[in-house]
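Residue numbers (this note's numbering): 1 to 335.
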Amino acid sequence: MDRPPPPAPAPSSAPTPLLDRRLVIVTGKGGTGKTTIAAALALAASRAGKRVLAAETGPDEHLARLLAPGSPPVGYLGRELLPGLRVMRIDPFEALSEYLGLQIGAPRLVRRMLSNRAFHQLMAASPGWRELITLGKLWHLEQMTDGQGRPSWDLIVVDAPATGHGVAFLNVPSVVASAVRSGPLRRHSQAVEDLLKDPARTLLLPVTLPEELPTRETTELVKRLRDEAGIAIDRVVVNCIVPQPFPTGLAELDAALARLSPQLRCGELPSAGALTHCASFLRGRHDLSLTHIDLVGELTGLPLVHLPFLATGVTGPDTLEILSRGLVAAEAYAR
């Protein structure tokens, strides 16, 4: 069985190791596997001895099911699912309650305010507050320290909104900091913006598929974030790459099938013609994938991380390990 063609030579300056950052924000078009990649990265960091927090920002929990199948919901407070790896879901209203409690210092008043129907209607009509309070919570988590003054988390991995909402999500602190000239809101927005734009601490990790629409959206995302948000992006993950499953030449496959004994009984083995058709289809898909991979590298100018298609899907930490190794292995990077 032939292996896929070797990747192009790696760029002269390799990206900074993923595990050296403080905050990695994983995004991508829905269906690209961004949540799986976030889980794989968190797992890789914990296996490397890091204290890791994996946080998701959507309305549903998925990270816990990937890292610890059968685990009950982790909620806003989170829970350690594996040694050194804690998972939480940032609920905007929970984060807002916590923030107001810290600012006002009157828990009963905060609870009454948040249970007020008019307040909920006001917040529903207020654009951007969910994004700002979510990012504010991430800033707070990044600033937290333990009893010895060390950061509570060596790495925070964020499963961010899909690309359709990702740019707006990350732009909110900058917009607020520009619009509000003074006061706590201005200071807090500026602190969040400073974290997002610090390349030593924060990295955006786009995830794409070797297909036309995800490729287009990813290249547009990279351009917009470079132009508008100023957040560091130094690689793109290309997920679910279908390998070359059959010999390079169909004639070789035909010849190999012809050498099979006519008396061979293989149960459910397809006919030679069906196998030849299957080989042709998969090779065509593989070649098309390579075209899209080349296009992502060309249009973004970034190194690519090649991760394989897993026929069995991701069923837990064992299969996540395959992706984890690919994410942090130096040889995974190609152009």
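C-beta atoms are modelled at their ideal positions from N, C-alpha and C, and glycine is treated no differently.
Residue i vs residue j beta-carbon contact at 8 Å
{"i": "L135", "j": "V238", "result": "no"}
{"i": "D159", "j": "E94", "result": "no"}
{"i": "V207", "j": "G33", "result": "yes"}
{"i": "K197", "j": "I233", "result": "no"}
{"i": "E142", "j": "L195", "result": "yes"}
{"i": "T300", "j": "V222", "result": "yes"}
{"i": "R201", "j": "R86", "result": "no"}
{"i": "V328", "j": "L19", "result": "yes"}
{"i": "V172", "j": "L132", "result": "yes"}
{"i": "I241", "j": "H140", "result": "no"}
{"i": "H286", "j": "P243", "result": "yes"}
{"i": "S126", "j": "P83", "result": "no"}
{"i": "V24", "j": "L138", "result": "no"}
{"i": "L310", "j": "I293", "result": "no"}
{"i": "L81", "j": "L320", "result": "no"}
{"i": "P69", "j": "T312", "result": "no"}
{"i": "P73", "j": "R130", "result": "no"}
{"i": "L282", "j": "P245", "result": "yes"}
Burial state of residue i, where buried means 16 or more other Cβ atoms lie within 10 Å
{"i": "E252", "result": "exposed"}
{"i": "M144", "result": "exposed"}
{"i": "H188", "result": "buried"}
{"i": "P210", "result": "buried"}
{"i": "D227", "result": "exposed"}
{"i": "S289", "result": "buried"}
{"i": "F169", "result": "buried"}
{"i": "I90", "result": "buried"}
{"i": "P161", "result": "buried"}
{"i": "T36", "result": "buried"}
{"i": "D154", "result": "buried"}
{"i": "P214", "result": "buried"}
{"i": "L302", "result": "buried"}
{"i": "L109", "result": "exposed"}
{"i": "R51", "result": "buried"}
{"i": "T27", "result": "buried"}
{"i": "E217", "result": "buried"}
{"i": "S324", "result": "buried"}
{"i": "P17", "result": "exposed"}
{"i": "G183", "result": "exposed"}
{"i": "A118", "result": "exposed"}
{"i": "P5", "result": "The pLDDT assigned to P5 is 37, lower than 50, so where the model puts this residue is not dependable; a value taken from the coordinates is nonetheless given after this. Exposed, since its Cβ has fewer than 16 Cβ neighbours within 10 Å."}
{"i": "R112", "result": "exposed"}
{"i": "G284", "result": "exposed"}
{"i": "E331", "result": "At E331 the pLDDT is 48, less than 50, meaning the model places this residue with poor confidence; the figure from the coordinates comes in the next sentence. Exposed."}
Coarse secondary structure for residue i, derived from DSSP in three states
{"i": "N239", "result": "strand"}
{"i": "P151", "result": "strand"}
{"i": "P317", "result": "helix"}
{"i": "V222", "result": "helix"}
{"i": "L310", "result": "coil"}
{"i": "V305", "result": "strand"}
{"i": "P206", "result": "strand"}
{"i": "R117", "result": "helix"}
{"i": "I233", "result": "coil"}
{"i": "T16", "result": "coil"}
{"i": "K197", "result": "coil"}
{"i": "S189", "result": "helix"}
{"i": "D287", "result": "helix"}
{"i": "S271", "result": "coil"}
{"i": "T338", "result": "Nothing about residue 338 can be read from this structure; the chain reaches only from 1 to 335."}
{"i": "E211", "result": "coil"}
{"i": "G75", "result": "coil"}
{"i": "V328", "result": "helix"}
{"i": "G297", "result": "helix"}
{"i": "D2", "result": "Because the pLDDT of D2 is 40, which lies under 50, any placement of that residue in the model is unreliable, and the question is left without a value."}
{"i": "A106", "result": "coil"}
{"i": "R111", "result": "helix"}
{"i": "A124", "result": "helix"}
{"i": "S46", "result": "helix"}
{"i": "P245", "result": "coil"}
{"i": "V180", "result": "coil"}
{"i": "P11", "result": "Annotation note: pLDDT 41 at P11 (below 50); position unreliable, coordinate value reported separately. P11: coil per DSSP, three-state reduction."}
{"i": "P69", "result": "coil"}
{"i": "G166", "result": "helix"}
{"i": "H62", "result": "coil"}
{"i": "G31", "result": "coil"}
Residue i - partner residues in DSSP beta bridges
{"i": "D159", "result": "V26, E56"}
{"i": "R86", "result": "L53, E80"}
{"i": "T145", "result": "P151"}
Cβ-Cβ separation, residue j to residue i (assumed contact under 8 Å), whole Å
{"i": "Y76", "j": "M88", "result": "6 Å"}
{"i": "R67", "j": "P317", "result": "The question names Arg, but residue 67 is Leu in the sequence shown. Contact flag correct, Cβ pair sits at about 6 Å."}
{"i": "A54", "j": "A40", "result": "Not really, about 10 Å apart at Cβ, beyond 8 Å."}
{"i": "V167", "j": "R224", "result": "5 Å"}
{"i": "S97", "j": "L114", "result": "5 Å"}
{"i": "K29", "j": "T163", "result": "5 Å"}
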